[in-house]
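Taken in sequence, the protein lines are chains G and V.
Going by this note's numbering, the first residue of the first sequence is number 1, and it counts up by one from there.
Going by this note's numbering, the first residue of the second sequence is number 1001, and it counts up by one from there.
No residue lacks a Cβ here, since even glycine has one placed at the ideal position from N, Cα and C.
Keep in mind that this is a model prediction, so the values were computed, not measured.
Each remark here refers to the structure printed beneath this line.
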Amino acid sequence: MTFTAVGKRIPLLDAPGKVTGSTQFGADIKLPNMVFAAVLRSPHAHARIVRVRTDRAEKMPGVLAVITGKDFAPAGGEGVPPLAQEKVRYCGEAVAAVAAERISQAVAAAEAIEVEYAPLPVVADVRDAIKRGAPRVHAESEDKTMPNIADVATIKRGSVAKGLAASYRVFESTFETPWVHQGFLEPHVSLASIDPGNGRITIWTSTQAQFNQRSELARILGLPMSRLRVIGLPVGGAFGGKNALCVEPMVAELARRCGRPVKLVVSNKDDFKATRPCGAAVMELKAGVKRDGTFVALHARLLFDTGAYPGAQNGNGASLVQGPYRWAHLDIRSYSVYTNKPSAGARRALAAPHVHFAIESLLDMIAAELKVDPVRLRLKNALRAGDPVLGGMGMPFTVAAKVVSAAAERANWSSRKSGPVKGTSNSRGWGIAAGHWATWAGGSSATVSVNEDGTVSVLTGAINLTGSHTSFAQIAAESFGIPVSRVSVYQGDTDTAPRNDGSWNSRITFGVGEAVRRACEDAKRQMAEVLAEEFGARPERIEIGGGFARAAKGAKKLTFAEAADRATDYRGAIVGRAALSDLDPPSIPVSAQVAEVEVDRETGQVRVLRLVCAQDVGLAINPMSVEGQIEGSASHGIGYALSEEYVFGSDGCLLNDGFRDFRMPTALDHPEFDVVLIEDRKDSGPYGAKGVGEPGLIPTAAAIANAIYDAVGARCRQLPITPERLLREMGRVSRR
Amino acid sequence: MPETLQFDVNGQLHELAASPTARLVDVLRNHLNLTGTKEGCGTGQCGACTVLLDGRPVTSCMVFAGDAVGRKITTIEGLAPPGKLHPLQQAFVDHGAVQCGFCTPGMILTAKALLDEHPSPTDEQIRHALAGNLCRCTGYRKIHDAIKAYARSSGGRRKRGGKR
Chain G
1 MTFTAVGKRI PLLDAPGKVT GSTQFGADIK LPNMVFAAVL RSPHAHARIV RVRTDRAEKM
61 PGVLAVITGK DFAPAGGEGV PPLAQEKVRY CGEAVAAVAA ERISQAVAAA EAIEVEYAPL
121 PVVADVRDAI KRGAPRVHAE SEDKTMPNIA DVATIKRGSV AKGLAASYRV FESTFETPWV
181 HQGFLEPHVS LASIDPGNGR ITIWTSTQAQ FNQRSELARI LGLPMSRLRV IGLPVGGAFG
241 GKNALCVEPM VAELARRCGR PVKLVVSNKD DFKATRPCGA AVMELKAGVK RDGTFVALHA
301 RLLFDTGAYP GAQNGNGASL VQGPYRWAHL DIRSYSVYTN KPSAGARRAL AAPHVHFAIE
361 SLLDMIAAEL KVDPVRLRLK NALRAGDPVL GGMGMPFTVA AKVVSAAAER ANWSSRKSGP
421 VKGTSNSRGW GIAAGHWATW AGGSSATVSV NEDGTVSVLT GAINLTGSHT SFAQIAAESF
481 GIPVSRVSVY QGDTDTAPRN DGSWNSRITF GVGEAVRRAC EDAKRQMAEV LAEEFGARPE
541 RIEIGGGFAR AAKGAKKLTF AEAADRATDY RGAIVGRAAL SDLDPPSIPV SAQVAEVEVD
601 RETGQVRVLR LVCAQDVGLA INPMSVEGQI EGSASHGIGY ALSEEYVFGS DGCLLNDGFR
661 DFRMPTALDH PEFDVVLIED RKDSGPYGAK GVGEPGLIPT AAAIANAIYD AVGARCRQLP
721 ITPERLLREM GRVSRR
Chain V
1001 MPETLQFDVN GQLHELAASP TARLVDVLRN HLNLTGTKEG CGTGQCGACT VLLDGRPVTS
1061 CMVFAGDAVG RKITTIEGLA PPGKLHPLQQ AFVDHGAVQC GFCTPGMILT AKALLDEHPS
1121 PTDEQIRHAL AGNLCRCTGY RKIHDAIKAY ARSSGGRRKR GGKR
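As structure tokens, this is what we get:
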């Protein structure tokens, strides 16, 4: 099948607004009569709130409203209260909020609120948190023998005990990944206003999930959804960090109390401390293999640090820790553990980067020990169609080996050269790692209107994080056989668009894109019914495409614009609709990356020279955009591998709360990227497309760690691989 | 305390009441409504609020308004007339150098300053120039490509112009 619109490299439709700065982000919005909010946050990681006195703050100039945890219904056991109730569970937790005429007045009043705390013992580490007798972050635990367990996920297949007993060798190791920020540049920002006539509240917010926001807000504010309108704004980066509610309940409640629009832009410091970063993990793996390198059994105990409230992705970690490989026996226990750290949230590809760092590092240790080439070891054990994945379902396609081979071939793996670089203190090394991911369509819907001039308008409730609107335009253009320039795409809000799940899980082009395609087909059917009379043919014989509408065997034809005019005139309107909640099979993309690094043996500094990124994308609807997703993901992975990490003090408070001390990759750090797209066009997404936004981050850290091992023979089991950690592993500085 | 200050922004003089210790980013965004300048971290680390001061890139969250008086301020709004794109902006669009768009205005102004000084920059010059502007979406490669492509095409134009 040859395509006319999908599969083409086209610039993002919304790029002109972004290069001119005219795109209005939340901070750019000014509402008439608007006032400003400020938040008071806890200086303690764990403390009982004895007393909160707001009377002094309330009397300060410009102050219109002050709220505390008591102004919201009790959050209950594991719920996240918008403002702390009874106790604070992490340093930075919001305790009170103020609305005032000016920002400076709001900040001053927030500081004037008097809170008396009774400090409690701090649980800072997952390993300590699960010990008998550890202080409890929440009273309840999901495990009878261990405290502080928020959730347990288990996967069992076959008998790991038998599998390990029958193995030629058993490899055992523990891996650790840090707390990290998602790295979005645009701070969380929300505005709320109340219509005094009917009490209806409108919220403008930088979110990945406006419909989920509305349902959560309805519950927290005790309002029916019909009295809430959530308008998702252009998002200046999210990467999972804008999945969950943030300050929306506070601004809504403040707006309700003072009867004026309220705006809150979260500071960079607070964004780091208190807006759901990605939690740490400790991963204990044990793998049994045959003499020829065939994988037999995998045992894993995974501890995901969820911080103060539930949110860690232990279930996702359990389902993906096997890597894109076949194992006869699995025994996975994956825990979400409470600590007095920030409340954990999602990050691009959830727990996949954690668990793939662990399993892919272990695979490299197996390859080295058995003296098998790391690529061959992976090819030998790669998932094939029908193999169990994700805790039970069958892998839909045989693609994993193809992706690993593609990465190795593009990188020229077989003729790689590693070792010392003459005349320097540097050594080069190569590493490979693979990863897999799962994208479900989720609640996806779209409306497509055909206008009487033959242009088409697509409306969805999906938040357009980057390229999805452009993909939708390409899909609609392909379906109708018209140029992309004839299609406009709109993001509606919770009042104007049909329900949609959030922009996460790489699902928008996959699921909502398919809804757009089906809505276009629906619109074409409606047009065909009208045109059937015109052409004297049955509706199913009417073909719409290539800029025309015609009857299959007739000589008569109309241009698409003429056909659109007739159809809309006759029918009143042509509006195609589609909604779906599932696509079968889900998209299970595989990615593989080869990293070439240079390590300075004296300083421990690592530079990534080249990163070959192969990814199974089904069909790249817009290859330029897909490359951008993969390079951006891999760059994110470079930071995860080498430099990004939350550092906490012994009091449980974050020390590096901002971009200054949380080191994300800069333009100086980007390697030569080489992206290889594997397109089988077999997937259930539109025209065979898969989800592409996350798999590029999944293998990166492991590929780099494996390359470092190849360069200097030191195995770092803890991310990030800072110069200090690497020199310690190399034995060049002593261990603590 | 507010004083009457005069700012030369994008070739236009603006007189307004502002404190000399106000931040330049606030003067631009709040007083002059030039919201093309985005504020990310507020600590001079992310580069999103970059504007040009006498042609040099500065993070406007770290500049006192008083220090910008009497100097030429260029914001993203000053790069091309409304409805038009500067060829450098067009290069960012064409090369997929834009994703979420939050770093983009600052990134483009940083690149503009580099290209004004070095019309045909080396890869190293590009990397160093952009080092103060964070982008989490792109991995920087396509931004780098856009700047190279613009330099090649505008360099060509300049050469042809030189022969005339």
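Opening and closing residue of the beta strand (DSSP E) in which residue i lies
| i | result |
| --- | --- |
| G/C91 | Segment: none, G/C91 is in no beta strand (DSSP E) and carries neither H nor E. |
| G/F36 | V35 to R41 |
| G/Y646 | From DSSP, G/Y646 is part of no beta strand (DSSP E); its letter is neither H nor E. |
| G/N426 | N426 to H436 |
| G/L580 | I574 to L580 |
| G/S444 | S444 to V450 |
Any C-beta of chain V under 8 Å from that of residue i
| i | result |
| --- | --- |
| G/K422 | no |
| G/P539 | no |
| G/V617 | no |
| G/E186 | yes |
| G/D683 | no |
| G/M146 | no |
| G/V19 | yes |
| G/S319 | no |
| G/A15 | yes |
| G/L221 | no |
Proximity to residue i [Cα-Cα], best of the options
| i | options | result |
| --- | --- | --- |
| G/A108 | G/G79, G/T439, G/L285 and G/A57 | G/A57 |
| V/P1121 | V/R1152, V/G1106 and V/L1109 | V/R1152 |
| V/Q1125 | V/L1028, V/I1073 and V/K1148 | V/K1148 |
| G/A620 | G/A641, G/P586, G/L677 and G/P665 | G/L677 |
| G/W437 | G/E598, G/R507, G/V247 and G/I721 | G/R507 |
| G/H670 | G/V230, G/E369 and G/V606 | G/V606 |
| G/V50 | G/K59, G/K70 and G/M34 | G/K70 |
| G/V247 | G/A38, G/L531 and G/G572 | G/A38 |
| G/G419 | G/A523, G/A567, G/E596 and G/I638 | G/E596 |
| G/Y325 | G/A701, G/M664 and G/K380 | G/K380 |
| G/I220 | G/F548, G/P74 and G/V98 | G/P74 |
First through last residue of the alpha helix (DSSP H) which encompasses residue i
| i | result |
| --- | --- |
| V/P1087 | P1087 to D1094 |
| G/I638 | P623 to L642 |
| V/T976 | The displayed coordinates of chain V run from 1001 to 1164. Any statement about residue 976 of chain V would go beyond what the structure contains. |
| G/H469 | S468 to F480 |
| G/L362 | A352 to L370 |
| G/E111 | I103 to A112 |
Check: residue i C-beta below 7 Å from any heavy atom of the ligand GDP
| i | result |
| --- | --- |
| G/S334 | Of ligands this structure carries none, so the ligand GDP is not represented either. |
C-beta neighbour in chain G for residue i, strict 8 Å
| i | result |
| --- | --- |
| V/T1138 | yes |
| V/H1128 | yes |
| V/F1092 | yes |
| V/Q1006 | no |
| V/V1009 | no |
| V/A1017 | no |
| V/A1048 | yes |
| V/K1142 | yes |
| V/A1151 | no |
| V/Q1089 | yes |
Three CB pairs or more closer than 8 Å across the region 11-21 of chain G and the region 1069-1086 of chain V = yes
Compile a chain-ordered list of the residues in the region 1100-1123 of chain V whose CB is closer than 8 Å to at least one CB of chain G.
-> For the region 1100-1123 of chain V, the set of residues with a beta-carbon nearer than 8 Å to any beta-carbon of chain G comprises C1100, G1101, F1102, C1103, T1104, P1105 and I1108, in chain order.
For the region 651-675 of chain G, which residues have a beta carbon sitting closer than 7 Å to at least one beta carbon of chain V?
-> G658, F659, R660, M664, T666, A667, L668, H670 and F673
Between the region 608-626 of chain G and the region 710-722 of chain G, do at least 3 Cβ pairs fall closer than 8 Å?
-> No, they do not touch.
Of all the residues that make up the region 379-397 of chain G, which are near chain V by a beta-carbon distance shorter than 8 Å?
-> From the region 379-397 of chain G, no residue has a Cβ closer than 8 Å to chain V.
Does the region 562-575 of chain G come close enough to the region 396-407 of chain G to have 3 or more Cβ pairs within less than 8 Å?
-> no
Output, in sequence order along the chain, the residues in the region 1051-1077 of chain V whose CB is closer than 9 Å to any CB in chain G.
-> T1075, I1076 and E1077
Residues in the region 1019-1046 of chain V having any Cβ partner in chain G nearer than 9 Å = Taking 9 Å as the Cβ-Cβ cut-off against chain G, the residues of the region 1019-1046 of chain V that qualify are R1029, N1030, N1033, L1034, T1035, G1036, T1037, K1038, E1039, G1040, C1041, G1042, T1043, G1044, Q1045 and C1046.
Note down, in chain order, all residues in the region 459-475 of chain G with a beta-carbon under 8 Å from any beta-carbon belonging to chain V.
-> L465, T466 and G467
Is the number of C-beta pairs between the region 336-352 of chain G and the region 447-455 of chain G that are closer than 8 Å three or more?
-> Output reads no: the region 447-455 of chain G does not touch the region 336-352 of chain G.
Touch test, the region 208-227 of chain G against the region 486-505 of chain G, Cβ-Cβ under 8 Å, three pairs minimum | yes
Taking a Cβ distance cut-off of 9 Å, strictly less, list which residues of the region 232-265 of chain G are near chain V, in chain order.
-> P234, V235, G236, G237, A238, F239 and V265
Count the CB pairs spanning the region 579-591 of chain G and the region 462-479 of chain G that are closer than 8 Å, and state whether there are at least three.
-> no
Using Cβ-Cβ distances below 7 Å, what residues of the region 27-57 of chain G are close to chain V?
-> Those would be A27 and D28, in chain order.
What residues from the region 624-636 of chain G come within 9 Å of chain V, judged by C-beta to C-beta, listed N to C?
-> Result list: M624, S625, E627, G628, Q629, I630, E631, G632, S633, A634, S635 and H636.
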